[in-house]
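Mapped onto full-length UniProt numbering, the consecutive letters of the sequence shown carry residue numbers 1 to 575.
Every residue, glycine too, gets a C-beta built ideally from N, C-alpha and C.
Nothing here was measured: the structure is a model prediction, and the numbers come from that model.
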Amino acid sequence: MFTTPIQPGAGTPVRRHTPAPFKTPFKAGVRPPQTSSQVTPKITPQPLARIKAVAGPSSPAVSTPIKVPQTPAKSSFFNLGNDPTELSAMTPTLAPFYTFHTSSDTPALLGTQTTQITRLGPSAAFDQLIERGCTFATKPWVENHWCLILWKLAGMVALEPEKEGDPATKRWCWKEVMRQLLYRYERELNGGSRPPLRLIATQDAPASCPMVLCVSNITWSEAAAQEDGTTTEPCPELEVTDGWYRLRARVDEPLARAIRAGTIRVGRKLAVAGARVSNQRKDPMEILEAYNSVQLVLSGNSSHLAPWHAKLGFQRGPFVSTLNSLTHDGGVVSVMDVVVIKMYPIAYLEFLENEAGEKSREGPRTESQEAAIMEKWKRRREVEASKLREELEKRLSRYESYAERMEHKAGPHFRPGEDDGPSDRVENLYDALEDPAAASATLSTVRASDAGWFARVIRERIGKEREAATDEMERELDSICPPRNVRNFRVLEVQDTCTRRRPANRTAQLTAWDVLKLTFSEGGEAGSFQVGQRFQVANLIPCQRSAWMDRESGSMVYLSTRNDTRWRKLKATQQ
């Protein structure tokens with residue numbers, strides 16, 4: 001456990017750390033000669049340049065001289081009574097073990113005698129909340145927010161250490177921690193405002209929404225030994241927070257590479273979109289119970305570093321990915337803003353499956369080739385359907401003749417009452433009529449008293465077969481002449497509408513599947529595109545991964561749509 005520093009009281013000897021005065025070994029008025037390499041060049045001081053802050057996801061870039069992270073000198077912390085080592089090492093993992101020695105705004109001053117030291121930690125914070133009437137608070141809730149509040153305050157103190165000298169603006173104190181806890185209690189538990197990760201855990205909000213999260217911890221799996229004697233590389237797993245709660249996050253290979261390189265580390269903010277939830281229990285869970293069961297699944301192509309001052313939580317606008325930021329193994333691309341620079345004709349691909357279940361495909365075919373093959377398939381199917389209808393009518397006509405024969409045998413005297421019914425022997429005779437050769441002998445054995453009932457049974461079965469004939473014929477027809485599995489597609493060459501930091505060296509071949517289902521204007525031609533059209537496309541996936549080029553000028557990458565891809569046509573000048 002580590003705590004706020006305790007100042008020495010009265011009577012406590014203070015060890016002097018000032019070194020002895022320096023004495024020169026040279027005589028008065030004599031100094032050692034300087035070589036040319038020891039002469040310090042004269043530097044003309046330059047005025048400080050204004051630093052342009054990085055714009056957030058939905059805010060324009062602004063020029064400000066102070067909106068950059070600070071690394072103040074350690075003396076600033078010592079002069080204000082704070083230990084820079086403790087503040088810089090503060091993380092949500094260590095925060096549960098931190099306690100304050102006093103509830104006052106400032107530590108005890110030098111020369112004052114402290115008779116009793118009270119350590120104030122999460123348990124004391126929970127007790128004070130209960131004393132103030134915050135009955136909805138629980139100890140796990142307080143412990144969770146204690147960790148995140150201390151981590152946030154440590155960062156704010158490091159950003160503006162000069163405010164720690166004024167009790168009115170001091171942040172690293174018990175009073176400020178309690179103020180933050182009371183604010184969170186009032187907003188969340190009393191006011192009913194639920195943070196993003198809590199909404200996701202309870203399945204009241206989709207994880208695919210754009211949001212900014214902060215990396216609060218990184219854990220590594222243990223290296224596992226393979227059968228060939230090699231060991232697998234440890235895989236990282238993130239812990240992310242929205243400032244209120246934390247969840248684990250599974251990363252793909254591009255994000256893992258960024259973690260190994262140190263680009264993603266504790267304290268960095270990530271702008272993510274298109275995330276998925278992996279829940280072992282499948283049911284909604286409260287966030288404080290969901291840590292070990294619920295995971296976010298992040299993709300590198302839908303994630304990027306956010307500015308240090310970006311606000312955590314859900315964001316209004318989409319996070320648009322550029323071609324330069326994509327990797328072939330980075331998973332789904334949440335949103336892209338592209339312009340069509342070239343297009344190819346609509347093509348068709350047929351997917352086949354043989355009796356052994358092996359799948360293959362034929363094509364691609366042009367529109368005329370597909371029309372010819374489709375016409376040939378339709379003619380064959382019509383021929384087979386007419387054969388099945390002819391066989392059905394022939395069979396039902398035969399049964400009609402059997403019914404007429406039985407009605408003639410029963411004669412006009414067959415007038416059963418409402419409570420009368422056929423015997424079980426008559427019901428069983430119907431199956432014997434399936435074979436035409438044996439049907440005549442079966443009918444001759446029917447007595448006149450049963451013939452009328454048998455005629456009724458035959459006509460009822462004929463009616464049921466006619467009703468089920470359509471579905472039965474379709475199933476039989478599908479086995480003789482299977483329906484074709486054909487998909488249409490169109491390849492478009494696209495480029496980024498705009499880029500910010502890097503030039504637009506890459507272009508992409510975008511395969512738009514089922515393009516004939518797309519229409520972008522009322523009465524417009526299905527699957528029609530024009531050069532210069534601008535689209536916002538959601539949910540794309542990399543394809544032809546081995547053919548992806550690097551980021552040099554003129555390089556090409558390959559993307560494809562999927563079933564949930566959405567197109568939105570934009571004006572060419574719309575930003």
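DSSP state of residue i mapped onto helix, strand, coil
{"i": "I181", "result": "Contrary to the premise, residue 181 reads as Leu rather than Ile in this sequence. Note: L181 maps to helix in three-state DSSP."}
{"i": "L570", "result": "strand"}
{"i": "F529", "result": "coil"}
{"i": "I218", "result": "strand"}
{"i": "Q38", "result": "Its pLDDT being 40, under 50, Q38 is placed unreliably by the model, and the measurement read from it follows with that caveat. If DSSP states are grouped into helix, strand and coil, Q38 belongs with the helices."}
{"i": "residue 577", "result": "It is not possible to answer for residue 577, since the shown part of the chain is limited to 1 through 575."}
{"i": "G463", "result": "helix"}
{"i": "L298", "result": "coil"}
{"i": "Q161", "result": "The sequence given here has Pro at residue 161, not Gln. Reduced to three states, the DSSP call for P161 is helix."}
{"i": "R447", "result": "coil"}
{"i": "V383", "result": "helix"}
{"i": "G363", "result": "strand"}
{"i": "V266", "result": "coil"}
{"i": "R562", "result": "strand"}
{"i": "F351", "result": "strand"}
{"i": "P122", "result": "helix"}
{"i": "P503", "result": "coil"}
{"i": "T44", "result": "At T44 the pLDDT is 40, less than 50, meaning the model places this residue with poor confidence; the figure from the coordinates comes in the next sentence. Here T44 sits in coil by DSSP."}
{"i": "T91", "result": "coil"}
{"i": "A512", "result": "strand"}
{"i": "S321", "result": "strand"}
{"i": "T470", "result": "helix"}
{"i": "T327", "result": "coil"}
{"i": "T232", "result": "coil"}
{"i": "V142", "result": "helix"}
{"i": "E522", "result": "coil"}
{"i": "G452", "result": "helix"}
{"i": "P196", "result": "helix"}
{"i": "G155", "result": "helix"}
{"i": "L388", "result": "helix"}
{"i": "I51", "result": "Legend: pLDDT at I51 = 30, less than 50; position of this residue unreliable, no value from coordinates given."}
{"i": "E286", "result": "coil"}
{"i": "Q203", "result": "coil"}
{"i": "R475", "result": "helix"}
Counterpart residues of residue i in DSSP-defined beta bridges
{"i": "D337", "result": "Q536"}
{"i": "G313", "result": "V212"}
{"i": "M343", "result": "L492"}
{"i": "Y430", "result": "Y430 pairs with nothing; no bridge assigned."}
{"i": "A249", "result": "L238 and L296"}
{"i": "Q226", "result": "Answer is none; Q226 lacks a bridge partner."}
{"i": "R487", "result": "L349"}
{"i": "V272", "result": "M211 and S303"}
{"i": "S278", "result": "Q295"}
{"i": "M556", "result": "T507"}
{"i": "Y541", "result": "Before going further, note that residue 541 is Ile rather than Tyr in the sequence given. DSSP lists S560 as partners of I541."}
Integer-rounded CB distance, given that residue j should sit under 8 Å from residue i
{"i": "S216", "j": "R194", "result": "So it is not a contact: roughly 19 Å between Cβ atoms."}
{"i": "E370", "j": "V486", "result": "7 Å"}
{"i": "A256", "j": "S208", "result": "That pair is no contact at about 21 Å."}
{"i": "P92", "j": "C173", "result": "In fact, because the Cβ distance is near 19 Å, the residues do not count as touching under 8 Å."}
{"i": "E493", "j": "I341", "result": "5 Å"}
{"i": "residue 576", "j": "A469", "result": "Here the chain comprises residues numbered 1 to 575, so residue 576 is not present and cannot be evaluated."}
{"i": "S321", "j": "S302", "result": "7 Å"}
{"i": "G527", "j": "I373", "result": "In fact, because the Cβ distance is near 19 Å, the residues do not count as touching under 8 Å."}
{"i": "R534", "j": "V335", "result": "That pair is no contact at about 13 Å."}
{"i": "N505", "j": "S553", "result": "5 Å"}
{"i": "A572", "j": "G524", "result": "Their Cβ separation, rounded to whole angstroms, is 17 Å, which puts A572 and G524 out of contact at 8 Å."}
Below-8 Å beta-carbon distance, residue i vs any chain D residue
{"i": "G192", "result": "Among the protein chains of the structure shown there is no chain D, as only one such chain exists."}
Contact test: residue i Cβ vs the ligand MG heavy atom, cutoff 7 Å
{"i": "N324", "result": "In the structure on display, the ligand MG does not appear, and there are no ligands present to speak of."}
Quick check: the stretch 555-572 against the stretch 535-544, are there 3 or more CB pairs under 8 Å? yes
Do the stretch 296-314 and the stretch 260-274 touch if we need at least three Cβ pairs shorter than 8 Å? yes
Is the stretch 251-265 in contact with the stretch 329-341, if contact means three or more CB pairs nearer than 8 Å? A contact exists between the stretch 251-265 and the stretch 329-341.
Using 8 Å as the cut-off, can you tell me whether the stretch 163-173 makes contact with the stretch 121-129, which would need three or more C-beta pairs spanning the two stretches below that distance? Because the criterion of three Cβ pairs below 8 Å is not met, the stretch 163-173 and the stretch 121-129 do not touch.
Cβ contact check for the stretch 448-456 and the stretch 406-415: 3 or more pairs under 8 Å: yes
Report yes or no: do the stretch 286-299 and the stretch 233-247 share at least 3 C-beta pairs separated by less than 8 Å? yes
Evaluate contact between the stretch 490-509 and the stretch 348-365, counting only Cβ atoms and requiring at least three cross-stretch pairs below 8 Å. Because the criterion of three Cβ pairs below 8 Å is not met, the stretch 490-509 and the stretch 348-365 do not touch.
At least three beta-carbon pairs within less than 8 Å, the stretch 181-192 to the stretch 136-153: yes
I'd like to know if the stretch 457-467 and the stretch 387-401 are in contact, where contact means that at least 3 CB-CB pairs between them fall below 8 Å. yes
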